[in-house]
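>
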Amino acid sequence: MDPVLTKVENIAFMAALIAYLLSAALYFVYAVSKRLWASKAAYAVMLAAFVLQTVSIAARGIHAGRLPLTNQYEFASAFAWGIALCFLIFVRKYRFDVLGTFIAPVIFLIIGYASMQSREIHELMPALQSSWLGFHVSMAIVGYGAFGVAFGVALAYLVRDTFPGSLKGIPEEKTLDLIIYRAVALGFLFLTLCMITGAIWAKRAWGSYWSWDPKETWSLITWLIYAIFLHLRLRKGMTGRKAAVFAVIGFLCVIFTYVGVNTLIAGLHSYK
Amino acid sequence: MGQPDNGQQNRTGTVRKILHFLCGMPFSFVLLAIILAACVAGSVIPQGQPASVYQEMYGERGSGLILGLQLDQVFRSAWFLTLAALLCLNLILCSVSRFGAVLRVWKKEKRYGIWGSWLTHLGLLLLIVSFAAGQFLAREEVIYGIAGSTQPLGKTGLAVTIDSFEVTLRDDYTVEQYTAGLTVADASGQTVSGAASVNHPLEAFGYDFYQDSMGWATYVDIFKDGQLIKTDLICTGEYTYPDELPALALLFNKFYPDFAEGADGAFYSRTPLPENPRCLYSIYYEGRLMAMDLTEPGAAVPVHNYVFTLRDPVEYTLIVARNDPAAPAALLSAAVLLAGLVLSFYVRPWEDKRRKENGSGLDEG
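Chains as they are written, first to last, in the working numbering: chain A, 4 to 275; chain B, 123 to 487.
#1: Would you say A/L223 faces chain B, with C-beta separation under 7 Å as the test?
#2: Give me the Cα-Cα distance between B/F197 and B/A155, rounded to the nearest whole angstrom.
#3: Do B/T431 and B/D343 have their C-beta atoms closer together than 7 Å?
#4: Using only the alpha-carbon positions, how far apart do B/G135 and B/N212 sit?
#5: In angstroms with no decimal places, state the Cα-to-Cα distance between B/G245 and B/V436.
#6: So if DSSP puts B/I356 in a beta bridge, which residue, or which two residues, is it bridged to?
#7: By DSSP's criteria, B/T242 is part of a beta bridge. Which residues make up the other side?
#8: Between the alpha carbons of B/G481 and A/R236, how many angstroms are there, rounded?
#9: Using a Cβ-Cβ cutoff of less than 8 Å, which residues in the same chain neighbour B/T305 once the five nearest sequence positions on both sides are dropped?
#10: How many angstroms separate the CA atom of A/R95 from the CA atom of A/G155?
#11: In whole angstroms, what is the alpha-carbon distance linking A/M198 and A/L136?
#12: Taking the beta strand (DSSP E) that B/S286 belongs to, which residues open and close that run?
#13: Within 10 angstroms of its Cβ, does B/A160 collect 16 or more other Cβ (buried), or is it exposed?
#14: Taking only the alpha-carbon atoms, compute the straight-line gap between B/L484 and B/A254 and give it to the nearest angstrom.
#15: Would you say A/A208 faces chain B, with C-beta separation under 7 Å as the test?
#16: Do you know offhand how far A/I110's Cα is from A/Y116's?
#17: Leaving out five residues before and five after B/L411 in sequence, what residues of the same chain have Cβ atoms less than 8 Å from its Cβ?
#18: With burial defined as no fewer than 16 other Cβ atoms inside 10 Å of the residue's Cβ, what is the status of A/M119: buried or exposed?
#19: Chain B partners of A/L126, CB-CB under 8 Å?
#20: So, for A/A247: in the same chain, excluding its five sequence neighbours on each side, which residues have a beta-carbon less than 7 Å away from its beta-carbon?
#21: What does the Cβ neighbour count give for B/R400, buried or exposed, with the cut at 16 atoms within 10 Å?
#22: Using a Cβ cut-off of 7 Å, which residues of the stretch 325-344 of chain B contact any Cβ in chain A, in chain order?
#23: What are the residues in the stretch 306-326 of chain B lying within 9 Å of chain A by C-beta distance?
#24: So, do the stretch 274-281 of chain B and the stretch 289-297 of chain B have three or more beta carbon pairs nearer to each other than 8 Å?
#25: Taking the beta strand (DSSP E) that A/Q75 belongs to, which residues open and close that run?
#26: Tell whether a beta-carbon distance below 7 Å holds between B/S239 and B/S466.
#27: Which residues in chain B have a C-beta closer than 8 Å to the C-beta of A/P129? List them in chain order.
#28: Should A/M142 go down as buried or exposed, given a rule of 16 or more other Cβ atoms within 10 Å for buried?
#29: Nearest chain B C-beta to A/P217 closer than 7 Å, yes or no?
#30: Which of the residues in the stretch 192-205 of chain A, read from start to end, lie with their CB under 9 Å from any CB of chain B?
#31: Taking the alpha helix (DSSP H) that B/N490 belongs to, which residues open and close that run?
#32: Please report the Cβ distance between B/A339 and B/F331, rounded to the nearest whole angstrom; I am assuming they are in contact, meaning their Cβ atoms lie under 8 Å.
#33: Along the chain, where does the beta strand (DSSP E) that runs through A/T178 open and close?
#34: So, under 8 Å CB-CB, A/F191 and A/I144 are touching, yes? Tell me the CB distance rounded to an integer number of Å.
#35: Just verifying my parser: in three-state terms, what is the DSSP assignment at B/P424?
#36: Between which two residues does the alpha helix (DSSP H) containing B/A369 stretch?
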């Protein structure tokens, strides 16, 4: 145990947790008041939270001597980090500040879930000692992060559609719709990469690249849901409310694949 | 050659309608929705269990439904395989029917993105076909034994010698690695030697040898009236019996290297080191359980005029040998699928078209 690294990890993690909460509050202030300072402050605080969380993850990685992506705490933290990363990129790209009103609480909830998990550092079991771990889980983090952004934008769409004028600064529906599509497309690509790298690793570790393990099956379910979404959108022109509802359902499926399968269904991926 | 009669025209029309339906998107959605529901069922309902497990979990009616619909083996059931075959048919027809149109647009526009959707579907189709081929062509053999033992590998003509088996422990007694030293020999006497550890299979004669799991084995000496009549080596979960009286059997239930008893009476091992070894065994006579107890290795377990002595517990390793000739095709299919997705999303013919139509005004960079 390195007390300095443990301290750095814990302090940075708690600071990030608080900063995400603060950012969520500031984004809410912006959404209801349309004060520009609130939006700027929220973005800055979110950026600070992201940097702090990066420090926390890095400190844990150095301390553990491996990528910190193997248990519920580590993956939940990385999941929140992935959504924050995608959010910061999408906000910068699309100049869509009010998106934070919907995404920041999601990030806070996930990192809050991480804070409730055991932070004890364990050595890796033999099956997890592979360079494929980094590729496989990194793809999941970016993919899940992008789906998280699609979920936030879908919520924004549904709020705008259900309660017109209730929140300020929400872009027009066509724009929201396109952002949902772009986020889902990015997430789908990375989810596919995650499944392929996982299959290659499984072949190396267990001898079979697909075993219908619950985690594999639920990844496939998530993949199918988003595949149907993309087909409906690209081929049948499904947009608007239906697309937004689909994006919400898809993300709930992502959450179940991550939390539900690990905790409710036993399988090869049940690393506690 | 005369004009086709009305009957022929009707038949052609019906075939066209069927083909149109089979390669259509509504059919794909129905298939995907059912496959999706099947996946949910297959992940929630325990798979491959004996009927009694389902009766206990879901009652008589529920288990009847599960077993009747083959929900106890969803991914091997005839109806699931039929769904997968129909999806393949849908993908084949869809790919064939769209190829001409895609090629025409490609000749006109010369944009790689046009191939994206087509390649994605082709990749998915090849992936399903490769996986299915792997299910039929793949070979799997299992051997288990202690260091020094040699066993034939099923009907492959290969023989595997377990030269060594080592469990590397960390200071906190967690397992760092399981490593089996193996020598694989073919019928001509050619040999390949090497180590198989978790994540690092040994490749030999077209097979990958995986270090799968391990357990404990024990030698059992059987005496009758003080005379040694048999020595056997059994693994946990295995039986041994006097050849002259097979109705009397000893089951080696479990081995505790460092035995301890918890406050709740449960047995456990403090460490994986053989500091305080105990064997849990059961005695059966004519299929009925007569006794169950713990014994120290080397101590006598008397049963009437027989004595069983469990001694020299030793770790055994379980090695799985697999050969899936379709795996490289699956990897190639995955690469095609990925290339298709990248072209679809990031060379974006669809989106460009839609953007021109609706003018969303977003920066697409």
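Ideal Cβ placement from N, Cα and C applies to all residues, glycine included. Owing to the predicted nature of the structure, the values given are computational and were not obtained by experimental measurement.
Walking through what the data contain:
#1: yes
#2: 15 Å
#3: A contact, by the Cβ cut-off of 7 Å.
#4: 19 Å
#5: 48 Å
#6: Under the DSSP definition of a beta bridge, B/I356 partners with B/T340.
#7: DSSP lists no partner for B/T242.
#8: Legend: pLDDT at B/G481 = 49, less than 50; position of this residue unreliable, no value from coordinates given.
#9: Excluding its 5 nearest sequence neighbours in each direction, B/T305 has C-beta neighbours in its own chain below 8 Å: V282, T283, D285, T313, V314 and S315, listed in chain order.
#10: 15 Å
#11: Taken atom to atom, the span from the alpha-carbon of A/M198 to that of A/L136 is near 12 Å.
#12: A281 to L291
#13: buried
#14: The pLDDT assigned to B/L484 is 40, lower than 50, so where the model puts this residue is not dependable, and the model offers no usable value.
#15: yes
#16: 10 Å
#17: S404 and I405
#18: exposed
#19: The identity of residue 126 of chain A in the sequence shown is Glu, whereas the question assumes Leu. Result: R292, D294, T296 and E298.
#20: Excluding positions up to five away in sequence, the list reads A157, Y160, L161 and I183.
#21: buried
#22: D330 and Y332
#23: S319, V320, N321, H322 and P323
#24: no
#25: From DSSP, A/Q75 is part of no beta strand (DSSP E) but of the alpha helix (DSSP H) over Q75 to Y97.
#26: yes
#27: V297, E298, Q299, Y300, S319, V320 and N321
#28: buried
#29: yes
#30: L192, T195, L196, M198, I199, A202, I203 and W204
#31: What is shown of chain B runs 123 to 487, which leaves residue 490 of chain B out entirely.
#32: In this structure, B/A339 and B/F331 do not form a Cβ contact; the two beta carbons are roughly 20 Å apart against a cut-off of 8 Å.
#33: Counting along the chain, A/T178 falls outside any beta strand (DSSP E), though it belongs to the alpha helix (DSSP H) covering E176 to W209.
#34: Wrong, their Cβ atoms sit about 15 Å apart, outside the cutoff.
#35: strand
#36: Segment: none, B/A369 is in no alpha helix (DSSP H) and carries neither H nor E.
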